[in-house]
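Position one of the sequence shown corresponds to residue 516 (my numbering), numbered consecutively onward.
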Amino acid sequence: MSLPSNLNPDEASPPWLNKGDNSWQLTAATLVGLQSVSGLVILYGSIVKKKWAVNSAFMALYAFAAVLVCWVGWGYRMAFGDKFIHFLRMPNISLDAQYLIEQAFLGYLPNATMIYFQFVFAAITLILVAGALLGRMNFLAWMLFVPLWLTFSYTITAYSIWCLEGWLSKKSIIDYSGGYVIHLSSGVAGFIVGPRTTKDKERFPPNNIMLMLAGAGLGMPNVSLDAQYLIEQAFLGYLPNATMIYFQFVFAAITLILVAGALLGRMNFLAWMLFVPLWLTFSYTITAYSIWCLEGWLSKKSIIDYSGGYVIHLSSGVAGFTAAYWVGPRTTKDKERFPPNNILLMLAGAGLLWMGWTGFNGGDPYTVSTDASLAVLNTHVCTATSLLTWLMLDIIFFGKPSVIGATQGMITGLVCITSTAGVVQGWAAILMGMMSGSIPWYTMMVLHKKIGLLKQVNDTMAVFHTHVVASSLGGILTGLFVVPKLNRLFYMVDNWQHYIGFFYGLHTGHTTAGFKHLGIQLLGIVFVVLLNIFTTNVICLLISLIIPLRLAEDELQTGDDAIHGEEAYALWGDGENYESKLNSIYEEFPPPSKGGEVQMNQLA
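Rendered as structure tokens:
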């Protein structure tokens, strides 16, 4: 008896792969990641004194990103790789695509899934160590401590207890989920530290008990369509139409939410209520059809947009920037000072966004294949690298590690890798992270102050830099780094010659094919930009004939209470005591000082 077609092995689903096991391990790893970001980020930021809230939360976020880069760079192989010396395995990089899609040392999973699963355990261990250091450790010292302790302590413990060749493992020690490897080691390491100040020892109250206890809920949309259609097989994958509709809906929804980021603080809410259905109908659907539908003209040309770098991020960035031009700039007061009202909640949202990207990029193969595992790992590697790159640039040029800046770097990394998550090598994800953390940083912190149009439009959340620049960069790098074999795993097509990256073409003698595909990626950028400039201009023009796009002057001055009759912080005010000094796009870049150093400059 023959197997159903979705159970037959192929290149993306080899005979040893158990899709159910792989699916659960990816899900479980993401849940553990959420324990770190946002769980411990919120907990640490809320349980300490107010003066240490941001520093404590940022120590956790930094550790999460830094551990991932070290883990794929050498840490995973030191714990679970080839034999080296008695207490350690051979340090080696874990980013080669062939290695990542091979079977792991345990279970019916690819190495990419195992590396991701083991990473979140390593990351939470360092974050638990941080719990003993809150409120007194030099942040730059913490930046050094994380990779050193991971390399010379955690890997040894993990190898000795969890690796099949470890000496304690051979003696049949039982450590089911990290009682020794994670909790005992982090507790001992954290205990060996200097004491708090006398004042803090005597009184160290939590700064926000509500946030300390906070959880989050998700609402399930309810769709009412023809039942027969909903239970039929979708156009891709082995799924019913109902599942495909829901999956594609959340992508469409987040695209409009990203557009809103450019309009915050000044667009008439009634105008926004009209804008959403109009732009979805006359812009998003055209882009999605052209690129993602099998019959779309760019799809037929073999354009690669793995999870929405073009369809979601480039289109939302261009539309948001165009709509911001129509709505007009923020008030002078808001342009001069626009501080975040709650950095801890910002970090919580950033952590949920990061972990949620596991589904964003990992769900696009429409099956739990080796390619899905590769996409998930590449996503997190690029994001961590981008965050750390942006952070280092802030330290070098501004002298302080900026939490807001690190969050921007995280976003640009997520956006950049989205076009190509499952079709590039792991080392390419590292390079993409370095570029997504530096090029948008430069356009935001330097070019923005020099280009009149960028200053005039007054894009609230800097979506031009975090989405237009980062997604265009990702699309171009897709044309450079894409590997035909990985495209075969994703698209399951035989015309692999249409999916040759430029560098692969140079290496294999298919230079013309590499040039052609790079040109297709550039063509896609031009199409999405021009389409969204045109449709967004027309939609804004039509709405402006019916209702003002911009809030009234009194609403601009008062805000929520004037617009909705409600306020977010009835007891604590609007946060005006906080002044952001980093990562604003509305002040001049600090000039170099004597000795080649760069002075810190207020960028509020």
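Even for Gly, the Cβ is constructed at its ideal location relative to N, Cα and C. Everything numeric in this text was worked out from a predicted model, so none of it was measured.
Could you tell me if residue i is buried or exposed, where buried requires 16 or more neighbouring beta carbons within 10 angstroms of its beta carbon?
| i | result |
| --- | --- |
| N540 | In the sequence on display, residue 540 carries Gln and not Asn. Burial call: buried. |
| I919 | buried |
| P999 | buried |
| I911 | exposed |
| W682 | exposed |
| F667 | exposed |
| F1017 | buried |
| M605 | exposed |
| V1041 | exposed |
| T628 | buried |
| T904 | buried |
| H601 | exposed |
| H1022 | exposed |
| T993 | buried |
| T802 | buried |
| W812 | exposed |
| F573 | buried |
| V703 | exposed |
| Q940 | buried |
| R651 | exposed |
| I746 | Since pLDDT at I746 reaches only 48, below the 50 mark, its modelled position is unreliable, and no value is offered. |
What does DSSP give as the partner residues of residue i in its beta bridges?
| i | result |
| --- | --- |
| K598 | R604 |
| W1065 | For clarity, residue 1065 is Arg in the given sequence; the question names Trp instead. Answer is M782, bridged to R1065. |
| Q618 | P625 |
Grab me the residues of residue i's own chain with a C-beta within less than 6 Å of its C-beta, minus the 5 sequence neighbours each way, in chain order.
| i | result |
| --- | --- |
| L641 | A578, V582 and V661 |
| G590 | L665 and T670 |
| A1085 | A caution first: A1085 carries a pLDDT of 47, below 50, which makes its placement in the model unreliable, though a value can still be read off. Same-chain partners within the cutoff: there are none. |
| P529 | none |
| D974 | A777, F836 and A839 |
| F654 | P916 |
| I1015 | P999, H1025, A1028, G1029 and H1032 |
| A985 | T927, V930, C931, S951 and P955 |
| G554 | none |
| G948 | C897, T900, S901 and G928 |
| I1020 | Note that residue 1020 is Gly in the sequence shown, not Ile. The answer, listed in chain order, is T1026, A1028 and G1029. |
| G548 | V635 and M870 |
| F599 | M605 |
| S551 | F579, A638, I639 and I642 |
| S987 | I1040 |
Is there a Cβ from chain B that is less than 8 Å from the Cβ of residue i?
| i | result |
| --- | --- |
| L532 | Although the question refers to chain B, the structure presented lacks it and comprises just one protein chain. |
Enumerate in chain order the residues of its own chain whose CB-to-CB distance from residue i is below 7 Å, with the five nearest sequence positions on each side excluded.
| i | result |
| --- | --- |
| Y623 | W531, L532, N533 and D536 |
| I769 | I827 |
| A936 | Y821, S822, N876, A890, N893 and T894 |
| V972 | F836, A839 and Y840 |
| I926 | T981 |
| L740 | Bear in mind that a pLDDT of 48 at L740, under 50, signals an unreliable position, so the number given afterwards is only what the model happens to contain. Excluding positions up to five away in sequence, the list is empty. |
| V938 | I819, Y821, V997, V998, L1001, N1002 and F1005 |
Spatial neighbours of residue i within its chain, please: C-beta separation below 8 Å, excluding the five flanking residues on both sides.
| i | result |
| --- | --- |
| S814 | S805, I806, W807 and C808 |
| W942 | I608, L610 and D611 |
| I1058 | A786, L789, F790, L793 and L1064 |
| P625 | L532, N537, L615, I616, E617, Q618, A619, T885, S888 and L889 |
| G693 | F636 and T640 |
| I991 | L1033, Q1036, L1037 and I1040 |
| Q633 | W586, Y591, A594, F595 and A673 |
| M735 | Reliability of the predicted coordinates at M735 is poor, the pLDDT of 34 falling under 50, and no value is obtained from them. |
| I1061 | L789 |
Cβ contact check for the stretch 788 to 801 and the stretch 841 to 861: 3 or more pairs under 8 Å: no
How about the stretch 582 to 598 and the stretch 630 to 649: do they share at least three Cβ pairs that are nearer than 8 Å? yes
Between the stretch 895 to 905 and the stretch 549 to 559, do at least 3 Cβ pairs fall closer than 8 Å? no
Beta strand (DSSP E) runs contained entirely in the stretch 959 to 1040, provided each spans 3 or more residues: none
Using 8 Å as the cut-off, can you tell me whether the stretch 955 to 975 makes contact with the stretch 1026 to 1038, which would need three or more C-beta pairs spanning the two stretches below that distance? no
Identify every run of the alpha helix (DSSP H) within the stretch 642 to 717, keeping only runs that are complete inside it and at least 4 residues long; order them along the chain. 654 to 664, 670 to 677, 682 to 685, 700 to 706 and 713 to 717
Three or more C-beta pairs closer than 8 Å, one from the stretch 1047 to 1055 and one from the stretch 1019 to 1030: is that the case here? no
Taking only runs of the alpha helix (DSSP H) that begin and end inside the stretch 848 to 897, which ones reach a length of at least 4 residues, in chain order? 858 to 877
Segments assigned beta strand (DSSP E), at least 3 residues, entirely inside the stretch 893 to 959: none
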